[in-house]
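For reference, each letter of the sequence shown is one residue, going 837 to 928 in my numbering.
Notes to accompany the following structure.
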Amino acid sequence: MEAWIAAMGSRGDYTREHVLDAPMMARVRGRGFEFALDVGCGEGRFCRMLQDCGIRTVGIDPTAALIGHARTLDRTGTTGLAGRKHWNFRTR
């Protein structure tokens, strides 16, 4: 896992940056979203991109090492909940 984290850095791999980012962010920007849940957030890269658009995020991932790295890069302190098998979410 350490090798993956080192290889990805803060920008991620080529496919994410040059193929996926533009269409994913086009679907998000200007739509009035306030909150996002990123299931399988890994190192939290997409959460950080959403935060840059003013969207509050929570990222979850079962891999503790990835969540730990995501927390070191997270500017808002909202990435978390590693290693759970069952999730309980309140709804409004």
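Where a beta carbon is used, it is the ideal one built from N, C-alpha and C, also for glycine.
- CA-to-CA, the gap between I891 and F871 works out to about 5 Å.
- Between the beta-carbon of V894 and that of L909 there is about 15 Å, and that puts the pair past the 8 Å contact cut.
- Beta-bridge analysis with DSSP links A872 to T893.
- Distance from the CA of F869 to the CA of T912, rounded to the nearest whole angstrom, comes to 17 Å.
- The straight-line gap separating the alpha-carbon atoms of R907 and V875 is approximately 15 Å.
- C883 sits close to C877, with the two beta carbons spaced by under 7 Å.
- By the 16-neighbour rule on beta-carbons within 10 angstroms, E879 is buried.
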